[in-house]
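*Asks:* Please see the structure below; I have some questions.
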Amino acid sequence: MGAQKGNRKRSAVTRALSVLSFGAALLLVGGIPADAQRPGQSPSVQQMQEMQARLQRMSDVMGRMQHIQERAQAMEHNMIQQLDRLRSQDRLSDQDRLRIRDQERVRDMAHAMSTAAREMRQAMERVRDMAGDQDSPWSREMHQEMERLRENWNGLCDQMEEGLELMERIQERLGQPGT
Numbered sequence: 001m002g003a004q005k006g007n008r009k010r011s012a013v014t015r016a017l018s019v020l021s022f023g024a025a026l027l028l029v030g031g032i033p034a035d036a037q038r039p040g041q042s043p044s045v046q047q048m049q050e051m052q053a054r055l056q057r058m059s060d061v062m063g064r065m066q067h068i069q070e071r072a073q074a075m076e077h078n079m080i081q082q083l084d085r086l087r088s089q090d091r092l093s094d095q096d097r098l099r100i101r102d103q104e105r106v107r108d109m110a111h112a113m114s115t116a117a118r119e120m121r122q123a124m125e126r127v128r129d130m131a132g133d134q135d136s137p138w139s140r141e142m143h144q145e146m147e148r149l150r151e152n153w154n155g156l157c158d159q160m161e162e163g164l165e166l167m168e169r170i171q172e173r174l175g176q177p178g179t
């Protein structure tokens, strides 16, 4: 009977070691993220603060993209008004016709910029929702990738804002007579 009890203890220990070995092997080959949150485990205060900071940074970039969208829409609206004024003239010179054509192109660029900003903002909302999912067992590497994505989008905002400034200067020049 004592031998049987010893065998049960050894088999329980063997099973436990097998499970631990399997878990360690999974961690080594990347099957389970090493810092993944286990089901039923609450995130630490530090994890919550990091997540909130990531979400805030993403919201900031989304706000910039919203502003870009609004600026591009305002530019498009302004171009439509300028085009209507030009077209309402009784006689159009060849230069006026060329100006109308070029203003239509800038208006189309403003529309495309507004649409792109809206689509990017919607993509950012999806990523923000994924990042804010507390039940998601993401690894630190996944959060780092999302941070790099946010940085990329922030750089894209810089480029889009610069593009809008260039388009605004072009719009001003096209609106001037004799240009």
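For the sequence shown, position 53 (counting from the first letter as 1) is numbered 53 according to this note's numbering, and the numbering increases by one without interruption.
Note that CB positions come from ideal geometry on N, CA and C, so glycine has one too.
Hey, would you say Asp96 sits closer than 8 Å to Gln89, going by beta carbons?
*Replies:* Yes, these two residues count as a Cβ contact at 8 Å.
*Asks:* Quick check: what's the CA-CA separation for Leu83 versus Ala72?
*Replies:* So the alpha carbons of these two residues sit roughly 16 Å apart.
*Asks:* Using alpha carbons as the reference points, say which of Leu86, Met113, Met58 lies closest to Arg101.
*Replies:* With distances taken between Cα atoms, Arg101 lies closest to Leu86.
*Asks:* Closer than 7 Å to a non-hydrogen atom of the ligand MG - does that hold for the CB of Asp129?
*Replies:* In the structure shown, the ligand MG is absent, as is every other ligand, since no ligand is present at all.
*Asks:* Mind checking Ala74: buried by the 16 CB within 10 Å criterion, or exposed?
*Replies:* Looking at its Cβ environment, which holds fewer than 16 other Cβ atoms inside 10 Å, Ala74 is exposed.
*Asks:* Taking 8 Å as the cut-off, does the stretch 106-114 touch the stretch 140-149 (at least 3 CB pairs, one atom from each stretch)?
*Replies:* They do not touch, by the three-pair rule.
*Asks:* Is Leu92 helix, strand or coil when you go by DSSP?
*Replies:* The answer is coil: DSSP assigns Leu92 none of H, G, I, E or B.
*Asks:* Report the option in Arg173, Ala123, Arg99 whose CA atom is closest to the CA atom of Gln66.
*Replies:* Of the listed residues, the one whose Cα sits closest to Gln66 is Ala123.
*Asks:* Could you compute how far the alpha carbon of Met51 sits from the alpha carbon of Arg150?
*Replies:* Taking the straight line joining both Cα atoms gives about 13 Å.
*Asks:* Determine the burial state of Gln69: buried for a count of at least 16 other Cβ atoms within 10 Å of its Cβ, exposed for fewer.
*Replies:* With 16 or more Cβ atoms within 10 Å of its Cβ, Gln69 is classed as buried.
*Asks:* Residues in its own chain within less than 8 Å of Glu172 by CB, not counting five upstream and five downstream?
*Replies:* Same-chain partners within the cutoff: there are none.
*Asks:* Taking Cβ positions, are Asn154 and Val45 nearer each other than 8 Å?
*Replies:* Their beta carbons are not under 8 Å apart, which means Asn154 does not touch Val45 by this criterion.
*Asks:* In the structure shown, what three-state DSSP assignment does Gln66 receive?
*Replies:* Gln66 falls in the helix class under three-state DSSP.
*Asks:* Helix, strand or coil, according to DSSP, for Gln144 in the structure here?
*Replies:* Of the three classes helix, strand and coil, the one that applies to Gln144 here is helix, per DSSP.
*Asks:* Arg126 and Leu55 - do their beta-carbons sit closer together than 8 Å?
*Replies:* Their beta carbons are not under 8 Å apart, which means Leu55 does not touch Arg126 by this criterion.
*Asks:* Report the rounded CA-to-CA distance for Ile170 versus Leu156, giving the unit in angstroms.
*Replies:* Distance between the alpha carbons of Ile170 and Leu156: 21 Å.
*Asks:* Can you find the residues in the same chain that come closer than 7 Å, C-beta to C-beta, to Glu161, ignoring five residues on each side of it along the sequence?
*Replies:* So the qualifying residues of the chain are Ile68.
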